[in-house]
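Colleague: Just so we're aligned, residue 23 is where the sequence shown starts under my numbering, counting upward by one.
The beta-carbon is built from N, C-alpha and C at its ideal position, and this holds for glycine as well.
These numbers were taken from a predicted model, which means no experiment stands behind them.
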Amino acid sequence: MTARILLVEDEVKLARFIELELSSEGYEISVAHDGMSGLALARSSPPDLAILDWMLPGLSGLEICRRLRATGSAIPVIFVTAKDEIGDRVAGLDAGADDYVVKPFSIEELLARIRAHLRRNQEKEKDILQFEDLSLNRLTREVYRGKQAIDLTAKEFDLLEYLLSHPRQVLTKDMILERVWGYDFMGDSNIIEVYIRYLRLKLEENGEKRLIHTVRGVGYALRE
Ligand code: CA
23 MTARILLVED EVKLARFIEL ELSSEGYEIS VAHDGMSGLA LARSSPPDLA
73 ILDWMLPGLS GLEICRRLRA TGSAIPVIFV TAKDEIGDRV AGLDAGADDY
123 VVKPFSIEEL LARIRAHLRR NQEKEKDILQ FEDLSLNRLT REVYRGKQAI
173 DLTAKEFDLL EYLLSHPRQV LTKDMILERV WGYDFMGDSN IIEVYIRYLR
223 LKLEENGEKR LIHTVRGVGY ALRE
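Here it is in structure tokens:
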């Protein structure tokens, strides 16, 4: 999948240069030349990573970062700063920045940092699967519906993990059996219905809306 990058930089020539370089690397890039339109862009179509100039007309890069973090955005943010602004780095870290490049920088340096942050973020995401208010942590094996922790058996966990890693896809009973119970499973495929029922009971214990839907005659799908 193409990573989407937001660049907010008021030096139009520099912005154009970065835009061309990033596009030729295959990134989908959107550009703003001032703080307010940068923040608006970040909110209307959330990017996978943001490159923010420090000094911007309207709203500083620092303020954009702060406001994104305040609304729960966890995207990597790389600041572009001029040499004489280096003293402000601490403020940037406080605002939730992930990295810096100092002007003048080589495009290779910027590209390397972008790659590193996107990779790190993808790895982080893979450990935690989320759908609506349901989340599952593959490392700690914790499952939450909203703020409510849900206690699952090993098989229930595996089944939910499989559903969560294929949101909105219809998973046939054969696929589920093969993936969750293994090729050599000799029992009755009704076991899936039984486990789906267990999962629903636990996930809907407080009247939460149904997320695991039956696709009649086929299998199951995780849907809103
Ligand atoms: Ca500037």
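1) Is D32 near ligand 1, judged by its Cβ being under 7 Å from some heavy atom?
2) Nearer than 7 Å: is that true of the beta carbon of L78 relative to any heavy atom of ligand 1?
3) Compare the beta carbon distance of G241 and M197 with 8 Å and say whether it is the shorter of the two.
4) Using the beta-carbon count (16 or more within 10 Å), is D116 buried or exposed?
5) Just reading off the beta strand (DSSP E) that F179 is part of, what are its end residues?
6) Straight-line CA distance for R245 to I129?
7) Please classify Y11: does DSSP put it in a helix, a strand, or coil?
8) At the level of alpha carbons, what is the spacing between D121 and R91?
9) Return the first residue and the last residue of the alpha helix (DSSP H) that V237 is part of.
10) Could you tell me which whole alpha helix (DSSP H) segments of length 4 or greater appear in the region 196-231?
11) Along the chain, where does the alpha helix (DSSP H) containing S59 start, and where does it finish?
12) Measure from the C-beta of K195 to each C-beta in chain D and report whether the shortest distance is under 8 Å.
13) Quick check on Q152: does DSSP put it in helix, strand or coil?
14) If you check the beta carbons only, do E41 and L29 fall under 8 Å apart?
15) Count the other C-beta atoms from every protein chain shown that fall within 10 angstroms of the C-beta of D70, then say buried if there are 16 or more, exposed otherwise.
16) Give me, in chain order, the residues of the same chain whose beta-carbon lies closer than 6 Å to that of G60; leave out the 5 immediate sequence neighbours on both sides.
17) Start and end of the alpha helix (DSSP H) containing R190?
18) So, using beta-carbon positions, are L193 and L158 closer together than 8 Å?
19) Which residue from V165, A25, D75, E226 puts its Cα closest to that of S67?
20) Any idea which residues DSSP pairs V34 with across the strands?
21) Which residue from E226, L81, F101 puts its Cα closest to that of E131?
22) Residues in the same chain with beta-carbon distance under 6 Å from R160, minus the five sequence neighbours each way, listed in chain order, please.
23) Could you spell out where the beta strand (DSSP E) holding I100 opens and where it closes?
Modeller: Put simply:
1) If you number the sequence shown from 1, residue 32 lands on position 10. Yes, Cβ of D32 sits closer than 7 Å to a heavy atom of ligand 1.
2) In the sequence shown, counting from the first residue as 1, residue 78 sits at position 56. Indeed, a heavy atom of ligand 1 lies less than 7 Å from the Cβ.
3) In the sequence shown, residue 241 corresponds to position 219, counting from 1. In the sequence shown, residue 197 corresponds to position 175, counting from 1. In this structure, the beta-carbon distance from G241 to M197 falls below 8 Å.
4) Mapped onto the sequence shown, residue 116 falls at position 94. D116 is exposed by the Cβ-count criterion.
5) Numbered from 1 along the sequence shown, position 157 holds the residue referred to as residue 179. In this chain, F179 is not harboured by any beta strand (DSSP E); it is covered by the alpha helix (DSSP H) spanning 176-186.
6) By 1-based counting over the sequence shown, the position of residue 245 is 223. By 1-based counting over the sequence shown, the position of residue 129 is 107. R245 and I129 have their alpha carbons spaced roughly 42 Å apart.
7) No information on residue 11 is available, as it lies outside the stretch 23 to 246 that the chain covers here.
8) Taking the first residue of the sequence shown as 1, we reach residue 121 at position 99. Taking the first residue of the sequence shown as 1, we reach residue 91 at position 69. In a straight line, the C-alpha of D121 is about 15 Å away from that of R91.
9) The residue given as residue 237 occupies position 215 in the sequence shown. For V237, there is no enclosing alpha helix (DSSP H); the residue is found in the beta strand (DSSP E) stretching over 234-237.
10) Runs of the alpha helix (DSSP H) inside the region 196-231: 212-225.
11) Reading the sequence shown from its first residue, position 37 is the one you call residue 59. 57-66 is the span of the alpha helix (DSSP H), which, as asked, contains S59.
12) Among the protein chains of the structure shown there is no chain D, as only one such chain exists.
13) Within the sequence shown, the letter at position 130 stands for residue 152. Q152: strand per DSSP, three-state reduction.
14) Counting from 1 along the sequence shown, the entry for residue 41 is found at position 19. Counting from 1 along the sequence shown, the entry for residue 29 is found at position 7. The answer is yes: Cβ separation under 8 Å.
15) As a first step, residue 70 is located in the sequence shown; it is residue number 48 there, counting from the start. With 16 or more other CB atoms across the displayed protein chains lying within 10 angstroms of its CB, D70 is buried.
16) Numbered from 1 along the sequence shown, position 38 holds the residue referred to as residue 60. Correct list, in chain order: V30, A54, I86.
17) Looking up residue 190 in the sequence shown gives position 168. That residue, R190, is in no alpha helix (DSSP H); it is neither H nor E in DSSP.
18) Translated into positions along the sequence shown, residue 193 becomes position 171. Translated into positions along the sequence shown, residue 158 becomes position 136. No; because the gap between Cβ atoms is not below 8 Å, this pair is not in contact.
19) Numbered from its first residue, the sequence shown carries residue 67 at position 45. The residue with the shortest Cα to Cα distance from S67 is A25.
20) Working through the sequence shown from its first residue, we reach residue 34 at position 12. In the DSSP output, where bridge partners are listed per residue, V34 has none listed.
21) For the purposes of this step, residue 131 is taken as residue 109 along the sequence shown, with counting starting at 1. When C-alpha distances from E131 are compared across E226, L81, F101, the shortest belongs to F101.
22) For this step, residue 160 is matched to residue 138 along the sequence shown. D149.
23) Start at 1 with the first residue of the sequence shown, and residue 100 comes out as number 78. It spans 99-103 - the beta strand (DSSP E) in which I100 sits, taken as one unbroken run.
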